[in-house]
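This report concerns only the one structure given below.
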Amino acid sequence: MMAAPKRVYVDLDDVICETGPDLLALLEKHFGRRVELEDVSTWDLGVSLGLDQQELRQFMHYAHEPHVLQQHRPKPGALEQLARWNNVGVEVWIVTGRPTQTYSATRDWLAARDVVHTRLVFADKYGNYGGLQEMTDGVQAMPMEQIAGLRFDIAVEDSAAVAAVLRDELEIPVALIDQPWNRQMESTPRLRRCQSWEDVDLMCGDLFADGTLRA
1205 MMAAPKRVYV
1215 DLDDVICETG
1225 PDLLALLEKH
1235 FGRRVELEDV
1245 STWDLGVSLG
1255 LDQQELRQFM
1265 HYAHEPHVLQ
1275 QHRPKPGALE
1285 QLARWNNVGV
1295 EVWIVTGRPT
1305 QTYSATRDWL
1315 AARDVVHTRL
1325 VFADKYGNYG
1335 GLQEMTDGVQ
1345 AMPMEQIAGL
1355 RFDIAVEDSA
1365 AVAAVLRDEL
1375 EIPVALIDQP
1385 WNRQMESTPR
1395 LRRCQSWEDV
1405 DLMCGDLFAD
1415 GTLRA
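Numbering (the working numbering), first residue to last: 1205 to 1419.
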């Protein structure tokens, strides 16, 4: 019997594409506030960006406009690594916590850049939906507890909160893309901090070779 193909969970924002710098540019444009990326020490944007609830809602509206999403640049090495995985039979599932109404704009961004992937999944990573949320075209935001059933071999994430759920509750090894907002997390046997996509490749090479991670 042939072994099942390896399956990788890959986040989108600040993992495949550079979202943070564009969000800070939006903040300066619409609110006149300048914040450096290194100062975003938590992904609670109300805290990091100094926004009240009304301002935060307006900011997130700006952040998810289609023309803004189309501006995000790929992170160095990301698209090349996804293509390499695909070439050796690894399934690449892009799992995003974006609002489901960004589905069309997200698909357009992936298509315009020929981003190789097996599936695009919208997940309720931050408890925004309180369960399954259906879109008009049938796409759904999947509750995080259902991610375990997809049997991922590894996850590539930047959110500290989501990485903790993946590692501790779902028992999925995590390649944590280094960002200022996740620096409080320490590496563990099931989580490795990665400074680049080259580091992700090395971590996955260890895991795919014998099922274990080496320090």
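For glycine and all other residues, C-beta sits at the position ideal for the given N, C-alpha and C. Predicted, not measured: the structure shown is a model, and the values here were computed from it.
Q1399 versus T1223: straight-line alpha-carbon distance, rounded
Mapped onto the sequence shown, residue 1399 falls at position 195. Mapped onto the sequence shown, residue 1223 falls at position 19. Answer to the nearest angstrom: the Cα atoms are 16 angstroms apart.
Can you list, in chain order, the residues of its chain with a C-beta nearer than 8 angstroms to that of H1276? Leave out the 5 residues immediately preceding and following it.
Stepping through the sequence shown from its first residue, residue 1276 is reached at position 72. So the qualifying residues of the chain are D1217, C1221, E1222, T1223, D1226 and W1313.
From what residue to what residue does the beta strand (DSSP E) around P1347 run?
On the sequence shown, residue 1347 is found 143 positions in, with the first residue counted as 1. Taken as a continuous stretch (DSSP letters only), the beta strand (DSSP E) holding P1347 covers Q1344 to P1347.
What are the complete alpha helix (DSSP H) segments, minimum 4 residues, inside the region 1227-1289?
1249-1253, 1257-1267 and 1270-1275
K1329 versus V1294: straight-line alpha-carbon distance, rounded:
What you label residue 1329 is simply residue 125 of the sequence shown in a count that begins at 1. What you label residue 1294 is simply residue 90 of the sequence shown in a count that begins at 1. Near 24 angstroms, if we compare the C-alpha coordinates of V1294 and K1329.
Rounded separation between S1391 and V1214 - CA only:
Within the sequence shown, the letter at position 187 stands for residue 1391. Within the sequence shown, the letter at position 10 stands for residue 1214. The alpha-carbon atoms of S1391 and V1214 are separated by roughly 19 angstroms.
Starting from R1355 and walking both ways along the alpha helix (DSSP H), at which residues does that stretch end?
Against the sequence shown, residue 1355 aligns to sequence position 151. Element bounds for R1355: n/a, residue is neither H nor E.
Report back the beta-carbon spacing between V1378 and A1359 to the nearest angstrom; my notes put them in contact at under 8 angstroms.
Taking the sequence shown and counting its residues from 1, the one referred to as residue 1378 is at position 174. Taking the sequence shown and counting its residues from 1, the one referred to as residue 1359 is at position 155. About 5 angstroms; that satisfies the 8 angstroms criterion.
CA-to-CA distance, H1265 to Q1422, given in whole angstroms:
Beyond the ends of the chain as shown, which are 1205 and 1419, falls residue 1422; an answer cannot be given.
With a threshold of 16 other CB atoms inside 10 Å of the CB of H1271, please say whether the residue is buried or exposed.
The count along the sequence shown starts at 1 and reaches residue 1271 at position 67. Under this definition H1271 is an exposed residue.
Taking the runs of the alpha helix (DSSP H) that are 4 residues or longer, which of them lie wholly in the region 1355-1406?
1364-1368
What residue from H1268, F1412 and D1403 has the CA that sits closest to P1280's CA?
Working through the sequence shown from its first residue, we reach residue 1280 at position 76. If we check each option's Cα against that of P1280, D1403 comes out closest.
Taking Cβ positions, are V1296 and H1321 nearer each other than 9 angstroms?
As a first step, residue 1296 is located in the sequence shown; it is residue number 92 there, counting from the start. As a first step, residue 1321 is located in the sequence shown; it is residue number 117 there, counting from the start. Yes, the pair counts as a contact, with Cβ atoms nearer than the cut-off.
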